[in-house]
Amino acid sequence: MIAFITGVTSGIGKASAKEFAKHQYHLIITGRRKEILESLKTELENQYAIQVLPLCFDVREEEEVKNAIQSLPAHFKSIDVLVNNAGLAAGLGPIQEGEIQHWERMIDTNIKGLLYVTKYVSNLMVAQKKGHIINVGSIAGKEVYANGNVYCATKHAVDALNKGMRIDLLPHGIKVSAIHPGMVETEFSIVRFDGDVNRAKKVYENMIPLSADDIAETIYWMASRPSHVNINDVVIMPSVQANATTVIRN
Ligand code: NDP
Ligand code: 8X3
């Protein structure tokens, strides 16, 4: 079995790569940070006796995505599972003060990047008449919260694309699922706050957030259901979080 996972240099993607490796999947792992991809390849190949192919590209660059996927070696083309995970939030503020560059980064990564990867991987899946695409959305794709505007819009787009893909790929035997997490402590908030680690830490202060492993285990569970079962949609939250904005802190 082969899993293609985007955004494995950190957080949910890295934990997912480890989880699929643990279950003897061969892996195609992607991200922009080449050294991390290379060291993860070495770690997972040594630990699990699997083959790992690192592909270093920016999901926002359609040519890079196309070239990387179309030039996969033949034995790596029969992809069973695609986890569309690469994504980010940039900024948290009212729309009238929003930074255009933040908006472009989120739209280009979370929507256009996910679409580029999906197009080229789904072409391979359609040819083999099987596959499973698991999209990483967010509670921000189910609800809109103050100052979340554009990030929420991109994750609502992922929610819509997830439903649309499922319809279009149904006749081709391809399952499509989404997972929508609440608060998960990763590099997400550090990226969102442009590297401000202290501000990022405060997001998870005095509460127990989800871990990347919690999400990875759930993604693997979704991927490992019997072939006649598809998990359409999972919304997963820390026990102390009721919705996007209601959290109990100690
Ligand atoms: P991290 O910041 O820890 O990881 C993000 C990953 O995405 C990195 O591996 C990064 O790799 C990759 N990535 C970002 N931009 C690009 C790009 N342009 N091209 C290629 N890869 C890219 O965050 P998380 O693990 O938390 O986030 C993973 C997904 O989960 C995202 O889609 C996020 O929106 C979603 N999510 C996160 C939640 C949370 O609370 N943490 C909750 C709900 C959803 P690199 O920098 O090497 O390119
Ligand atoms: C990440 C979770 O609540 O910061 O998607 O939008 S949230």
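Per my numbering, the sequence shown runs over residues 252 to 501.
Every residue gets a Cβ at the ideal spot worked out from N, C-alpha and C, and that includes glycine.
Bear in mind the structure is a predicted one, so any value in this text is a computation, not a measurement.
{"Item": "Close beta carbons around Ile390, own chain, < 6 Å, minus the five adjacent residues each side", "Value": "His431, Gly433, Ala495"}
{"Item": "Contact between the segment 358–366 and the segment 413–424 (3+ Cβ pairs under 8 Å)", "Value": "no"}
{"Item": "For Glu431, the residue or residues it bridges with in DSSP", "Value": "According to the sequence displayed, residue 431 carries His and not Glu. BP columns for His431 point to Val486."}
{"Item": "Sequence-distant residues of the same chain with beta carbon closer than 7 Å to Pro305, five excluded per side", "Value": "Ile280, Leu288, Glu289, Lys292"}
{"Item": "C-beta atoms of Ala474 and Val387 nearer than 8 Å", "Value": "no"}
{"Item": "Beta-ladder partner(s) of Ile280, from DSSP", "Value": "Ile256, Pro305"}
{"Item": "Secondary structure of Asn386, DSSP reduced to three states", "Value": "strand"}
{"Item": "Coarse secondary structure for Val498, derived from DSSP in three states", "Value": "strand"}
{"Item": "Identified DSSP bridge partners for Gln298", "Value": "Partner(s): none; Gln298 has no beta bridge."}
{"Item": "Burial state of Glu270, where buried means 16 or more other Cβ atoms lie within 10 Å", "Value": "buried"}
{"Item": "Residue environment, Ser373, which counts as buried when at least 16 other CB atoms sit within 10 Å", "Value": "buried"}
{"Item": "8 Å Cβ shell around Leu339 - same chain, five flanking residues per side excluded", "Value": "Arg356, Met357, Thr360, Asn361, Phe439, Val442, Arg443"}
{"Item": "heavy atom of the ligand 8X3 below 7 Å from Tyr455 C-beta", "Value": "no"}
{"Item": "As assigned by DSSP and simplified to three states, the class of Ala336", "Value": "For the record, residue 336 in the displayed sequence is Asn; it is not Ala. Asn336 falls in the coil class under three-state DSSP."}
{"Item": "Beta-carbon proximity check, Thr469 vs Ser261, cutoff 8 Å", "Value": "no"}
{"Item": "Closest Cα partner of Ala408 within the set Leu421, Ala397, Gln302, Lys393", "Value": "Lys393"}
{"Item": "Where the alpha helix (DSSP H) containing Asn400 begins and where it ends", "Value": "400–420"}
{"Item": "Spatial distance of Tyr276 from Thr257 (CA atoms)", "Value": "15 Å"}
{"Item": "Closer than 7 Å: Asn264 CB and nearest the ligand NDP heavy atom", "Value": "It should be pointed out that residue 264 corresponds to Gly in this sequence rather than to Asn. Gly264 Cβ: within cutoff of the ligand NDP."}
{"Item": "Proximity to Leu461 [Cα-Cα], best of Ile263, Phe255, Ala404", "Value": "Ile263"}
{"Item": "Lys426 - partner residues in DSSP beta bridges", "Value": "His383"}
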